[in-house]
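Colleague: Input: one structure, supplied below.
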Amino acid sequence: MILLDGKHIAATIRQEIREQVEQLRAAGCRVPKLVIVIVGHNPASETYVANKMKACAEVGIEAEKRAFEASVTEAELLAEVARLNSDPSVDGFIVQLPLPEHIAETAILSAIDYRKDVDGLTPANVGRTVQGLPSIVSATPRGIRELLARYHIATEGKHVVVIGRSNIVGKPIAMLLMQRPYLSLPSMSAASLGNATVTVCHSKTQDLASICRTADIIIVAAGSPKLLTADMVREGATVIDVGINRVDDPASPKGYRLVGDVDFEQVAPKTAYITPVPGGVGPMTIVSLLQNTLQAYSND
Ligand code: NAP
0 MILLDGKHIA ATIRQEIREQ VEQLRAAGCR VPKLVIVIVG HNPASETYVA NKMKACAEVG
60 IEAEKRAFEA SVTEAELLAE VARLNSDPSV DGFIVQLPLP EHIAETAILS AIDYRKDVDG
120 LTPANVGRTV QGLPSIVSAT PRGIRELLAR YHIATEGKHV VVIGRSNIVG KPIAMLLMQR
180 PYLSLPSMSA ASLGNATVTV CHSKTQDLAS ICRTADIIIV AAGSPKLLTA DMVREGATVI
240 DVGINRVDDP ASPKGYRLVG DVDFEQVAPK TAYITPVPGG VGPMTIVSLL QNTLQAYSND
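Residue numbers (numbering that gives the first Met the number 0): 0 to 299.
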């Protein structure tokens, strides 16, 4: 069993980005710029935004936070999106979700210029991905694909089972892995990605265990601890655990610890490759946002 070390791969990619940004700076070019729009004071969102700002600073990408009170109107937020769309000094921007209930997320996301949509969540980017056109892919699916590529885990002809059908993980990773591989991102290595036969499962799927047992690669993004157990995994399969769940742990100083969706202790010995939680997909997600920002900069 080989552990897919997302922490290590993400550090390698950060170094690559740092060098690219440094070359731009040395050549007298402006550096890429990311703007993060945050609304209200949701503690989890504030932590995510702080982590993204820190990640940008570490590689030399300029990052700016634009904070709005929860009382901001949809019209005011749309005006901000329009301003960022037309600001030539901004390469990419994200609107941190969730938004307050009085603001329609789809209205805001749809207004973002897809070329600056470094979260890859606009209907335009998702549609372009589906059609195999150049697009910005959302961070977690991009990170999973990069992780597979860096470990030379080919998906061509393989049966991939995805558990979860969310817009941010399940659906886009299924779409990416079933594509003809011409959609490869610039940073992809030579591994043969795409061309997989993909089955997408969800909470209404019947006999999930039997379906998983036929998988060469299982990607779990359900948000349910120990959903994937050893009896559901065939010998030699690859398991990608996207889940992040807090479980009580009196032995931990925080009183909790983070676990994925996989019963890691039981499943890991049966696998060829498996991601740990934490340290697998999570670090790849943040670094993918940086790659997307660089991609948006280069597409100008
Ligand atoms: P989500 O929007 O809640 O979607 C969960 C999906 O899993 C749904 O499609 C749901 O089915 C399915 N599901 C839930 N329980 C299931 C079960 N028992 N059997 C089969 N399918 C089941 O979640 P998400 O946003 O995709 O996130 C999923 C997990 O990944 C969460 O733990 C989240 O924290 C984590 N996450 C991690 C990262 C990272 O960087 N590591 C990034 C994003 C998300 P229905 O559609 O039928 O309800």
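We treat Cβ as the ideally placed atom computed from N, Cα and C, and that holds for glycine.
Taking contact to mean 3 or more Cβ pairs, one atom from each stretch, closer than 8 angstroms, check whether the stretch 14 to 33 and the stretch 71 to 79 are in contact.
Modeller: no
Colleague: Mapping DSSP to helix, strand and coil, what is C55?
Modeller: Note: C55 maps to helix in three-state DSSP.
Colleague: I'd like to confirm something about S85: is its beta-carbon nearer than 6 angstroms to some heavy atom of the ligand NAP, or not?
Modeller: no
Colleague: Mind checking whether the beta-carbon of G163 lies closer than 6 angstroms to any heavy atom of the ligand NAP?
Modeller: Result yes, Cβ under 6 angstroms from the ligand NAP.
Colleague: In chain order, what residues of the same chain have a beta carbon less than 8 angstroms from the beta carbon of E68, not counting five sequence neighbours either side?
Modeller: V38 and G39
Colleague: Go through its chain and collect everything with a Cβ distance to S202's Cβ below 6 angstroms, but skip five positions before and after it.
Modeller: none
Colleague: Could you check which residue in V159, K6, D86 and D262 has the C-alpha nearest to that of L33?
Modeller: D86
Colleague: Is it the case that the CB of S191 approaches a heavy atom of the ligand NAP more closely than 6 angstroms?
Modeller: Flag unset: Cβ of S191 not near the ligand NAP.
Colleague: Using the DSSP secondary-structure output, state which residues sit across from F92 in a beta bridge.
Modeller: V34 and D116
Colleague: Nearest CA to the CA of D215: which residue from V238, R179 and L207?
Modeller: V238
Colleague: If you follow the beta strand (DSSP E) that E63 is in, where does it begin and where does it stop?
Modeller: Following the DSSP letters along the chain, one finds E63 inside the beta strand (DSSP E) bounded by residues E61 to F67.
Colleague: So within the stretch 202 to 270, which uninterrupted alpha helix (DSSP H) runs reach at least 4 residues, ignoring any that extend past its ends?
Modeller: 207 to 212 and 263 to 266
Colleague: By the DSSP assignment, the beta strand (DSSP E) with H158 in it spans what residues?
Modeller: Where H158 is concerned, the enclosing beta strand (DSSP E) stretches over H158 to I162.
Colleague: What residue from E100, P97 and I210 has the CA that sits closest to V197's CA?
Modeller: For V197, the nearest C-alpha among the options comes from I210.
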